[in-house]
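Same order as they appear, the protein sequences are chains A and B. Note that this note's numbering has the first sequence beginning at 16, numbered continuously upward. Note that this note's numbering has the second sequence beginning at 16, numbered continuously upward. Where a beta carbon is used, it is the ideal one built from N, C-alpha and C, also for glycine. If you're wondering where the values come from, they're calculated on a predicted model, not measured in any experiment. Since the structure comes first, as structure tokens, the remarks are kept for the end.
There are 2 protein chains.
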Amino acid sequence: MASSQRTAKRLTIREVAQALGVSTATVSRALHGRGRINPATRTRILAQLERMGYTPNLHAQSLAGKRSSVVALEYLGNVDILADSFLIELARGIQHSLASYHYRLLLNLTGDCEYRRGVLHQWIAGRAIDGVIVVANPCVDTAWMHALSAEGVPTVWIAYDVPHPLPPHTGVVQLNLSAGWREAIEHLNALGHRQFGLIAVDPNDPALEVIQQAIHSVNGQLAHTVFACDDTPSGGYRATLDLLERKPFPSALLARTDLLAFGVAQALHRYGIRLPHDVSLVGHDDLPLTQWMIPPLSSIRIDYLELGQRAVAMLMQLIEQRAPSVAPVCVATRLVVRDSVAPPRPNPKKEVDP
Amino acid sequence: MASSQRTAKRLTIREVAQALGVSTATVSRALHGRGRINPATRTRILAQLERMGYTPNLHAQSLAGKRSSVVALEYLGNVDILADSFLIELARGIQHSLASYHYRLLLNLTGDCEYRRGVLHQWIAGRAIDGVIVVANPCVDTAWMHALSAEGVPTVWIAYDVPHPLPPHTGVVQLNLSAGWREAIEHLNALGHRQFGLIAVDPNDPALEVIQQAIHSVNGQLAHTVFACDDTPSGGYRATLDLLERKPFPSALLARTDLLAFGVAQALHRYGIRLPHDVSLVGHDDLPLTQWMIPPLSSIRIDYLELGQRAVAMLMQLIEQRAPSVAPVCVATRLVVRDSVAPPRPNPKKEVDP
DNA sequence: AGTAGTTGCGTAAACGCTTACGCAGCAGGA
DNA sequence: TCCTGCTGCGTAAGCGTTTACGCAACTACT
Numbered sequence: 016m017a018s019s020q021r022t023a024k025r026l027t028i029r030e031v032a033q034a035l036g037v038s039t040a041t042v043s044r045a046l047h048g049r050g051r052i053n054p055a056t057r058t059r060i061l062a063q064l065e066r067m068g069y070t071p072n073l074h075a076q077s078l079a080g081k082r083s084s085v086v087a088l089e090y091l092g093n094v095d096i097l098a099d100s101f102l103i104e105l106a107r108g109i110q111h112s113l114a115s116y117h118y119r120l121l122l123n124l125t126g127d128c129e130y131r132r133g134v135l136h137q138w139i140a141g142r143a144i145d146g147v148i149v150v151a152n153p154c155v156d157t158a159w160m161h162a163l164s165a166e167g168v169p170t171v172w173i174a175y176d177v178p179h180p181l182p183p184h185t186g187v188v189q190l191n192l193s194a195g196w197r198e199a200i201e202h203l204n205a206l207g208h209r210q211f212g213l214i215a216v217d218p219n220d221p222a223l224e225v226i227q228q229a230i231h232s233v234n235g236q237l238a239h240t241v242f243a244c245d246d247t248p249s250g251g252y253r254a255t256l257d258l259l260e261r262k263p264f265p266s267a268l269l270a271r272t273d274l275l276a277f278g279v280a281q282a283l284h285r286y287g288i289r290l291p292h293d294v295s296l297v298g299h300d301d302l303p304l305t306q307w308m309i310p311p312l313s314s315i316r317i318d319y320l321e322l323g324q325r326a327v328a329m330l331m332q333l334i335e336q337r338a339p340s341v342a343p344v345c346v347a348t349r350l351v352v353r354d355s356v357a358p359p360r361p362n363p364k365k366e367v368d369p
Numbered sequence: 016m017a018s019s020q021r022t023a024k025r026l027t028i029r030e031v032a033q034a035l036g037v038s039t040a041t042v043s044r045a046l047h048g049r050g051r052i053n054p055a056t057r058t059r060i061l062a063q064l065e066r067m068g069y070t071p072n073l074h075a076q077s078l079a080g081k082r083s084s085v086v087a088l089e090y091l092g093n094v095d096i097l098a099d100s101f102l103i104e105l106a107r108g109i110q111h112s113l114a115s116y117h118y119r120l121l122l123n124l125t126g127d128c129e130y131r132r133g134v135l136h137q138w139i140a141g142r143a144i145d146g147v148i149v150v151a152n153p154c155v156d157t158a159w160m161h162a163l164s165a166e167g168v169p170t171v172w173i174a175y176d177v178p179h180p181l182p183p184h185t186g187v188v189q190l191n192l193s194a195g196w197r198e199a200i201e202h203l204n205a206l207g208h209r210q211f212g213l214i215a216v217d218p219n220d221p222a223l224e225v226i227q228q229a230i231h232s233v234n235g236q237l238a239h240t241v242f243a244c245d246d247t248p249s250g251g252y253r254a255t256l257d258l259l260e261r262k263p264f265p266s267a268l269l270a271r272t273d274l275l276a277f278g279v280a281q282a283l284h285r286y287g288i289r290l291p292h293d294v295s296l297v298g299h300d301d302l303p304l305t306q307w308m309i310p311p312l313s314s315i316r317i318d319y320l321e322l323g324q325r326a327v328a329m330l331m332q333l334i335e336q337r338a339p340s341v342a343p344v345c346v347a348t349r350l351v352v353r354d355s356v357a358p359p360r361p362n363p364k365k366e367v368d369p
């Protein structure tokens, strides 16, 4: 009967217990290897569970065990095109690690930042999640960090900077922007570039200072910084139009994100500025699709698997070991060179050398 | 005390009931508006719930209510770069609609197809999900469709073809490939294109026949079809290299997916074939990033919001109304014209112009 | 042999909610 | 007045686990 399928009774722990003449408590202990149990009994029970094809009811486990084995991934800022890239790569890295802990991932891709926070707090209050991983983009929201801490939810932030002191139950995995940008700028410098242009999004982004320092340390000059209205190709496109009006025009452009770089490349192309012949371009994040740009984009790579693995390991410390605090860790970035960089033109168009 | 936060007791339905001198049953009835309850009592209770800031424990609700308010999104085939595109756009459309039903979405981005199916069946057996949306790519897996049906899980397939008959508790939202491809080919024909080349992935893809028919109905010719090893830019790149060796070289290329088109464009560029001057190119799916290709790609658009909304509405029929079956619906596609198409060269010589 | 400590397991009370059932109270018709 | 039927609500039995507690049985000492 079709509709009886819908309400088909699943095997419960009790039925397995009865089949073996033991109590449900013993079966539960066998299942988790917790508590005092005879190893022989345990293997006997595990074999029976396997044989009968038992699968625990996750809600019952969560209710009685006071944990849900679910974590949420949340990020600051709105999701537009962004969702398709950085966040998804990261989600995948996180999920990969979570799988080994038998945790599930809840990921909200819809609605604006405000709305998503509301949903998240519902989940927390409803005990639907045991922990949260927040992607700070680009800055940590300290107020919200404390709010989450006050709710008692273990939280790991993936961020560029580490606020001090951290509230309880809060960890930070820091993405080391400095490594990648330094490498990129040194590479460009070695090719002969001295004048840099930066397309960024947020004036408070810690990356800005990192980039400036790196440029100064190679005796280069940051000729212009233009800000995009948002972290999208279209933001990058418009910002580049701004940049094109400034003089002198730099020989190397740094796009804060690959998403911006898509728009930068488009704008340059539209104005007949050839990449990398007339200008070099470097992006950040190394999204999978940037190597398919024309020309393929040089970009600063984040190891998403490692990032996810670190964040998850830290979160598990907070959740499972009930660690009250945990030391921040740092994940490096590195340059991936592709065809969008080349030595600068010996003869920059606008300023003719004598 | 920090660690007491972790185990902070949340407000329960009982406490609210006591505060008002009613029973928990009445509060529960007020909360859901189900069962026999005095409207006056109900508003009084709702006010109190609001005032005390009550949030239900989702696990308790799921356990007692025998439903989880979670659905899973699953897809056939492996996730590589694919995850960043079609699937995510769709996930977003689905999530948008699910939100209005207060359902959550579980999305597994990691592991191969086999592994993910295993996980999904665990979730089903563990009562973690009430329904599944499966993206068939490109063909419905009829055996698995029946397997899911036999497990009693309401399932909606997003597919290009509708198998008949459908097993119980199964719905299909069909993506009408014909509409978009027909429009694209007619558009190209109107520009003067007669010779077409197709870059596809799966020989069993229903799209192939649709495309052939459309080409024949405009008296065009499908000069060549090449198959990529997988649905990625790199697959498209290599397939295009194959295509470049064939003669006559078509004046218009059809990429089965935008992801392939990224690789196609790269290959053409590498061989000095200019888009759209030397050849026109149309993709399918209208991924957000394809409009930032150089030149921006003409593509066949899927309305992901509508697709998600239809799939969710259908799934809710199956879950909430316990409908044993539901009629398939169809979602159209349409061409979005950008710079990658132009009239064919008057002199289709592959040789270099003097 | 008596005591103390350990081990393995069963009993039963949670966990926080939903809902079948039944019982008053009341209205309306005979 | 009695019976019937409906309404609004409380009682209590689940839902399927986990786990604190306690009790035998056993070991290892004195």
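Around the CB of V352(A), fewer than 16 other CB atoms lie within 10 Å, so the residue is classed as exposed.
The shortest CA-to-CA distance from L283(A) to any of G278(B), D301(B), A270(B) and W307(B) is the one to W307(B). Interface with chain A (8 Å Cβ-Cβ cutoff): P178(B) is excluded. At a C-beta separation below 9 Å, A162(B) has no neighbours in chain A, since its nearest C-beta there lies roughly 12 Å away.
Taking 8 Å as the upper bound for CB-CB distance, L213(A) and P248(A) are not in contact here, some 17 Å apart. DSSP places S232(B) within a helical segment (H, G or I) once states are collapsed to three. Assignment of beta-bridge partners to Y90(A) by DSSP yields V150(A). Under the rule that a run must span 4 or more residues, the alpha helix (DSSP H) segments found entirely inside the region 119-202 of chain A read 128-140 and 157-166. The residue among I230(A), H202(A), G250(A) and Y319(A) with its C-alpha nearest the C-alpha of A215(A) is G250(A).
Beta bridge pairing from DSSP links Q210(A) with Q236(A).
Not a single CB atom of chain B sits nearer than 8 Å to the CB of I214(A). Contact residues of the region 51-75 of chain A toward chain B are T70, P71, N72, L73, H74 and A75 (C-beta to C-beta distance below 8 Å). According to the DSSP assignment, H299(B) belongs to no alpha helix (DSSP H) but to the beta strand (DSSP E) extending over S295 to D300. Proximity of Q137(B) to chain A, defined by a Cβ-Cβ separation below 8 Å, is satisfied. Closest in C-alpha terms to T56(A), from the list A40(A), T70(A), I103(A) and H117(A), comes A40(A). Spatial neighbours of Q236(A) in its own chain (CB-CB distance under 8 Å, excluding positions within 5 residues in sequence) are listed in chain order as R209, Q210, F211 and I230.
Excluding sequence positions up to five before and after P311(B), its CB lies within less than 6 Å of the CB of R353 and D354, all in the same chain and listed in chain order. The beta carbon of V344(B) sits closer than 6 Å to those of V188 and R325, all from its chain and outside the five residues before and after it, given in chain order. Note that the C-beta distance between P265(B) and D220(B) is not below 8 Å. Judged by their CB atoms, M329(B) and G108(B) are not nearer to each other than the 8 Å cut-off. I315(B) sits in a strand when the DSSP states are folded into three classes.
For G195(B), the number of other beta carbons within 10 angstroms of its own is at least 16, and it is reported as buried.
Interface criterion met: the Cβ of S83(A) is under 8 Å from a Cβ in chain B. Closer than 8 Å to the CB of N219(B) there is not a single CB belonging to chain A. At a Cβ-Cβ threshold of 8 Å, A280(A) and L290(A) count as neighbours. The C-alpha of G298(B) is placed about 27 Å away from the C-alpha of L105(A). With a minimum length of 4 residues, the unbroken runs of alpha helix (DSSP H) contained wholly in the region 250-306 of chain A fall at 273-285. Distance from the Cα of P183(B) is smallest, within the candidate group E166(B), A199(B) and R360(B), for E166(B). Rounded to the nearest angstrom, the Cβ distance from V86(B) to L120(B) is 6 Å, consistent with a contact under 8 Å. Contacts between F277(A) and chain B, judged by CB atoms closer than 9 Å, involve L304, W307 and M308 in chain order.
The C-beta separation of H74(A) from H74(B) comes to about 5 Å, placing the pair in contact by the 8 Å criterion.
Taking a Cβ-Cβ threshold of 9 Å, none of the residues of chain B is close to S295(A); the smallest such distance is about 16 Å. Boundaries of the alpha helix (DSSP H) around V42(B): T39 to H47. By the neighbour-count definition (other C-beta atoms within 10 Å, threshold 16), G133(B) is an exposed residue. By the Cβ-count criterion, Y286(A) is exposed, with fewer than 16 other Cβ atoms from all chains shown falling within 10 Å of its own Cβ. DSSP places A326(B) within a helical segment (H, G or I) once states are collapsed to three.
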